[in-house]
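Residue numbers (my numbering): 66 to 366. Cβ atoms here follow ideal geometry from the backbone N, Cα and C, with glycine treated the same way.
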Amino acid sequence: MVETSDEWIKTRTGIVERRVSKPEDEASDMAVAAARQAMDMAHAAPEDIDLILIATVTPDYRLPSQACIVQKKMGMKNAAAMDIAAACAGFLNGLSIADAYIKSGQFRKILVIGAEKLSSVTDYRDRNTCVLFGDGAGAAIIEPTEGERGILSTFLKSDGRYTELLWIPDGGSKYPYQSLNGSDPRVYIKMNGSEIFKHAVRMMGEASLKVLESAGLKGEDVTLMVPHQANIRIIESTARRVGIPMEKVYLNIAYYGNTSAASVPLALNEALRNGKVKENDIILMAAFGGGLTWSAAVVRW
Ligand code: UT7
């Protein structure tokens, strides 16, 4: 489709394969599939969930929220539902919001999902972006726990000055989607990759160091780091800065590419299922995305 090579993509990004859903598949169906797995693991029933948070930049509709669509599809009749717009950092923002609500006592069982159908906003004529993005979903159930385990600390930050480094110009009220068609590049993700790269390296490191500091921990205390999987070079540089050897970093970028808000929960779920996460392990998660937004969380499993 574009002038590129397998060699360029692998060495510059670490991506080997990606998943792309069928055009007729709904992003909410991936969210539901991930939510079902999380609910099975947590032995939760749909009526137990009292808040649904979905991080996504690719909802089925602009109105209503994707969280309301998932609520309908899953019959979660006792829940409040809302979306989080924080691009790739969205799942960790969701974790932080869930943590605060649980601590406040307002909600007791919260479903947090990161789900993206990025193929629907990828311009397959643009080699700066079309080799990077994939589709996927991941989910977690957050609830109160006893003792020392659980979310130890979270960190969130944004810098709204950099809108145009990573954005989808069309589809909002400024450029309503109806006025454009699929041949107009404004309907797709646009990214200034090298500028985003520089910010990502700095901010993933900052988020990781700050969240560890507020939990009273250091890089050497981390059992496993689960980073946003956008570029292997960003991950390596962040791990180096935080003092975490690459053997302690969970990687699946080769298989999925960049799935935005789905990336961290997809990797966390895989790490868990592959036996890489054990009770009392210290798990550090960090992400960076358009906005700009950057977030991290540290959990004692
Ligand atoms: O998910 C959250 C946010 N996203 C990210 O964190 C992504 C951050 N950025 C990146 O991962 C990297 O910047 C990219 C992978 C997007 C690009 O890698 P880079 O090493 O920063 O490349 P570049 O943009 O500086 O481009 C270097 C060269 C350019 O050619 P010239 O001008 O040197 O002749 C590009 O035109 O590579 C060229 N190029 C490509 N060549 C082959 C850009 N994309 C491609 C491609 N295939 N797909």
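Which same chain residues, not among the five before or five after residue i, have their C-beta less than 6 Å away from its C-beta?
i	result
Ala146	Ile117, Ala132, Cys133 and Gln136
Ser328	His293 and Gln294
Gly354	Ala152, Cys153 and Ala154
Ala107	Ile206
Tyr320	Glu82
Three-state secondary structure (DSSP) at residue i?
i	result
Glu285	helix
Ile167	helix
Asn193	coil
Ser360	strand
Lys255	strand
Asn334	helix
Leu274	helix
Phe172	coil
Asn158	helix
Which partner residues does residue i have in the DSSP bridge list?
i	result
Asp33	Since the first residue of the chain shown is 66 and the last is 366, residue 33 is not available in this structure.
Arg365	Gly215 and Ile347
Thr292	The sequence as given places Pro at residue 292; Thr does not occur at that position. Ala351.
Ala120	Ile149 and Gly179
Ala204	Ile178
Trp232	Lys255
Asn339	DSSP output for Asn339 lists no bridge partner at all.
Buried or exposed: where does residue i fall if 16 or more other Cβ atoms within 10 Å of its Cβ makes it buried?
i	result
Trp359	buried
Asp164	buried
Arg83	buried
Ser161	buried
Glu278	exposed
When the distance is taken between beta carbons, is residue j closer than 8 Å to residue i?
i	j	result
Tyr189	Met66	yes
Val314	Met350	no
Arg365	Glu208	no
Lys174	Ala265	no
Val177	Ile80	no
Thr324	Asp200	yes
Would residue i pass as an interface residue toward chain B - the criterion being a Cβ-Cβ separation below 8 Å?
i	result
Ser259	Judged by its chain identifiers, the structure shown contains no chain B, having just a single protein chain.
Between residue i and the rest of its own chain, which residues show a CB-CB distance below 7 Å, the 5 nearest in sequence each way excluded?
i	result
Ser273	Thr303, Val307, Leu349, Ala351 and Ala361
With a threshold of 7 Å (Cβ to nearest heavy atom), would residue i be considered close to the ligand NAP?
i	result
Leu316	Among the ligands in the structure shown, the ligand NAP does not appear; only the ligand UT7 can be found there.
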